[in-house]
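According to full-length UniProt numbering, the sequence shown is numbered sequentially starting from 1.
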Amino acid sequence: MRHLLEADKKKKKGNKCNVKWFKDHYLSPGVVLSVADAIAIVGKGLDHAYVGEVVCFKEPDSHLMGLVMNIEHYVTRVALLTGGTEMISTQDKVYCTRKGVRTKVGLGTLGRISDPLGECLNEEQFTYHELTLQDVWNLRFAETEARSPSIIEREPVRTPVHTGINAIDVLLPVGAGQRELIIGDLGSGKTSLALTIILHQGYKNNNLYRQWRKIESNHLSYKSRLFIPCVYVVIGGRRAELSRIKLMMKNSNIRNYTAVIFTGADDLAALQYVAPFAGCCVGEWFRDKGYKAIIVYDELLNHAAAYRQMSLLLRRPPGREAYPGDIFYLHAKLLERAAQLNRKLGGGALTAFPLVETKGGDITAYIPTNIISITDGQVFLNQKIGNSGIQPAIDLNLSVSRVGADAQYNIMKFIGKKVKLAYGVYRTVQGVEKLSGSLDSYILFLIHKGKRIIEFFKQELYRSEDLYKQVICLFAIVENYMDGIQPEYTQFYYTLLFKEEMAITFLSRKNANLISFVSNPNTWNVCFMSLYGKDIQKHLKTFLKAYTEAFIDVYNDKIHSYVKAKM
Numbered sequence: 001m002r003h004l005l006e007a008d009k010k011k012k013k014g015n016k017c018n019v020k021w022f023k024d025h026y027l028s029p030g031v032v033l034s035v036a037d038a039i040a041i042v043g044k045g046l047d048h049a050y051v052g053e054v055v056c057f058k059e060p061d062s063h064l065m066g067l068v069m070n071i072e073h074y075v076t077r078v079a080l081l082t083g084g085t086e087m088i089s090t091q092d093k094v095y096c097t098r099k100g101v102r103t104k105v106g107l108g109t110l111g112r113i114s115d116p117l118g119e120c121l122n123e124e125q126f127t128y129h130e131l132t133l134q135d136v137w138n139l140r141f142a143e144t145e146a147r148s149p150s151i152i153e154r155e156p157v158r159t160p161v162h163t164g165i166n167a168i169d170v171l172l173p174v175g176a177g178q179r180e181l182i183i184g185d186l187g188s189g190k191t192s193l194a195l196t197i198i199l200h201q202g203y204k205n206n207n208l209y210r211q212w213r214k215i216e217s218n219h220l221s222y223k224s225r226l227f228i229p230c231v232y233v234v235i236g237g238r239r240a241e242l243s244r245i246k247l248m249m250k251n252s253n254i255r256n257y258t259a260v261i262f263t264g265a266d267d268l269a270a271l272q273y274v275a276p277f278a279g280c281c282v283g284e285w286f287r288d289k290g291y292k293a294i295i296v297y298d299e300l301l302n303h304a305a306a307y308r309q310m311s312l313l314l315r316r317p318p319g320r321e322a323y324p325g326d327i328f329y330l331h332a333k334l335l336e337r338a339a340q341l342n343r344k345l346g347g348g349a350l351t352a353f354p355l356v357e358t359k360g361g362d363i364t365a366y367i368p369t370n371i372i373s374i375t376d377g378q379v380f381l382n383q384k385i386g387n388s389g390i391q392p393a394i395d396l397n398l399s400v401s402r403v404g405a406d407a408q409y410n411i412m413k414f415i416g417k418k419v420k421l422a423y424g425v426y427r428t429v430q431g432v433e434k435l436s437g438s439l440d441s442y443i444l445f446l447i448h449k450g451k452r453i454i455e456f457f458k459q460e461l462y463r464s465e466d467l468y469k470q471v472i473c474l475f476a477i478v479e480n481y482m483d484g485i486q487p488e489y490t491q492f493y494y495t496l497l498f499k500e501e502m503a504i505t506f507l508s509r510k511n512a513n514l515i516s517f518v519s520n521p522n523t524w525n526v527c528f529m530s531l532y533g534k535d536i537q538k539h540l541k542t543f544l545k546a547y548t549e550a551f552i553d554v555y556n557d558k559i560h561s562y563v564k565a566k567m
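This is the structure we're talking about:
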């Protein structure tokens, strides 16, 4: 009762006394006892601090910030977020902010390369007025820590996410709200594969960009089912990687729909630790607005290493491979925030592609096994496959998608079943080809069919394919329209099929109806999106039969010389 009476007396004294009482009891500034290795030990204060709170050094509104990690009996251990050890000395004041780590979210993040705290790293690509308008109208601060959606707030993963990677879209389909791990050794192509997925979204996004901006500016709608915002998070990357991302955003127009969160290998461990949560916060803003967003974490092994470094410096007990005991919880908490929301919450989704590096192809290490058990499937990249000339080097034996055909269009689901069957048979009989002697004609037929599928899975760096092209090519393989063509000519068969200039050059003039089909892909797009698998055969059989005959008759004499010239 006495404390309540004293509080009432202080309130009656006016606003100045309230401010003083607030500073004394809630801010309660601490004093730095020691600082080393980006860890500050604070004593004599911070009585009301909580784990995960941001604190300021020297002044209440200082740019020297830290993150409360350990609250012990007599001291508080703080990891530095900004500045450095040399900028802080003993006896410096430490002030609570009553806030967690915050970053900038909103439409203004698109086209920006930011650090986890929201500071723009590519200001040279914007004018002063553009940056000011973005900060005022299109950006706001949000806390990076948030709970993941509950089961009631989610829906089953059913909407396809088209990646443009043939092997993934056919055999390892990804759905909106799924978490698909990309795992492989250093140099196996993980980052290139993830960037290809982001670049492929430009086929939709850049065509809709102007209309979408107009709708948003008029406040007629806050969501577009066709617009797919992307978030790319770099954790502990090289500074050369930052320059490459800037150049790519400038040349490929992915800045229209991509936000980048970057932390370098020389940044503080606490900043690297916060990076994926900041990127997830940006993606969640789009998800909650009804968009089907995509986020790439490149890569979580660096994130685990940064957290291990912090934990050891904080004197936390180490576990397996010196990682702290809560590393599994940390990654599970992060990846569970990727979800497909139900219609009552807008129907938005956040699809996650975490990247993890392995050592010597060992997927049984601690961090890889943790994330494999958390995610809904993995794409395993094998360097041996890449060295054999197959790019992207996806090992289909170790890769899996736990969503499966539920996240495929009907036409792709229909053709994909036949592709899986043909590829499985090829894996069974491919060893027979190495034996000496003549092969049975049927066995040779199965081997050639499997080789055509593998040739179809080969793609150049950053090259992706549209859905209608994938369907036509696969239909030609599984329905045996390419039986008269050698497997090594498969790529040229497809190139000639979809490039009007080459079709005019190499197909005779009497095949003008074929060229008109090639030059009108929009007709195919509408057709494939509206028809079921069995109905589509009527539209494909006549066309592919005529095209294959023209390809063999007209081009058979020139094919050898042309292929040699292209090589």
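Here a beta-carbon is modelled for each residue, glycine too, at the ideal position from N, C-alpha and C. Small disclaimer: the values here were computed from a predicted structure and weren't measured.
Pick from 68, 245, 289, 477 that is closest to residue 298, judged by C-alpha positions: 245
Whole-Å CB distance - residue 188 paired with residue 383, under 8 Å assumed: 5 Å
Short Cβ contact (8 Å threshold) for residue 76 with residue 49: Cβ distance < 8 Å, so residue 76 and residue 49 count as in contact.
Rounded C-alpha distance that separates residue 119 from residue 97: So the two alpha carbons sit approximately 19 Å from each other.
C-beta neighbour in chain D for residue 151, strict 8 Å: In the structure shown, chain D does not exist; there is a single protein chain.
Cα-Cα separation between residue 206 and residue 253, rounded to whole angstroms: 8 Å
Neighbour-count burial assignment, residue 320, 16 or more Cβ in a 10 Å radius: Residue 320 should be labelled exposed.
DSSP three-state assignment for residue 136, whether helix, strand or coil: helix
Test item: CB-CB of residue 79 and residue 281 under 8 Å: Between residue 79 and residue 281, the C-beta spacing is not below 8 Å.
DSSP state of residue 141 mapped onto helix, strand, coil: Three-state DSSP puts residue 141 in a strand.
Which listed residue (81, 73, 34) has its alpha carbon closest to that of residue 53: Per the Cα distances, 81.
Span separating the alpha-carbon of residue 481 from that of residue 114: 50 Å
Limits of the beta strand (DSSP E) - the one that residue 292 falls within: 292-298
With 16 other Cβ atoms within 10 Å as the buried cut-off, status of residue 301: Looking at its Cβ environment, which holds 16 or more other Cβ atoms inside 10 Å, residue 301 is buried.
Residues near residue 433 by beta carbon distance below 6 Å, same chain, minus five either side: 447
The stretch 305-316 contacting the stretch 247-262, beta-carbon criterion three pairs below 8 Å: Too few Cβ pairs lie closer than 8 Å, so no.
Residues of its chain near residue 51, where Cβ-Cβ distance is below 7 Å and the 5 sequence neighbours each way are ignored: Take residue 51, set aside five residues on each side of it, and the residues of its chain with a beta-carbon closer than 7 Å to its own are 68, 69, 71, in chain order.
Residue 330 beta carbon less than 8 Å from that of residue 283: Taking 8 Å as the Cβ cut-off, residue 283 and residue 330 do not qualify as a contacting pair.
Buried/exposed call for residue 222, threshold 16 Cβ in 10 Å: Because the pLDDT of residue 222 is 49, which lies under 50, any placement of that residue in the model is unreliable, and the question is left without a value.
Coil, strand or helix - residue 184 by DSSP: Of the three classes helix, strand and coil, the one that applies to residue 184 here is strand, per DSSP.
Bridge partner(s) assigned by DSSP for residue 88: Its beta-bridge partners do not exist; DSSP assigns none.
According to DSSP, residues forming a beta bridge with residue 232: Answer is 260, 296, bridged to residue 232.
Identified DSSP bridge partners for residue 318: Per DSSP, 324.
Inter-residue CB distance, residue 381 and residue 184 (contact presumed, cutoff 8 Å): 3 Å
Spatial distance of residue 465 from residue 166 (CA atoms): 7 Å
Residues bridged to residue 270 [DSSP beta-bridge criterion]: Partner(s): none; residue 270 has no beta bridge.
Whole-number beta carbon distance between residue 418 and residue 478, since they are thought to touch under 8 Å: 4 Å
Where residue 449 sits in the DSSP three-state scheme: The answer is helix: DSSP assigns residue 449 an H, G or I state.
Cβ contact check for the stretch 364-379 and the stretch 174-182: 3 or more pairs under 8 Å: yes
Three-way DSSP call (helix, strand, coil) for residue 341 in this model: strand
Start-to-end residues for the alpha helix (DSSP H) that takes in residue 368: Segment 366-374, the alpha helix (DSSP H) holding residue 368.
Assigned secondary structure, residue 482 (DSSP; H/G/I helix, E/B strand, else coil): Here residue 482 sits in coil by DSSP.
Local Cβ density within 10 Å of residue 271, reported as buried at 16 or more and exposed below that: buried
Cα-Cα separation, residue 285 to residue 469: 33 Å
Where the beta strand (DSSP E) through residue 76 begins and ends: For residue 76, the enclosing beta strand (DSSP E) begins and ends at 75-80.
Reduced DSSP secondary structure (H/G/I, E/B, other) of residue 378: strand
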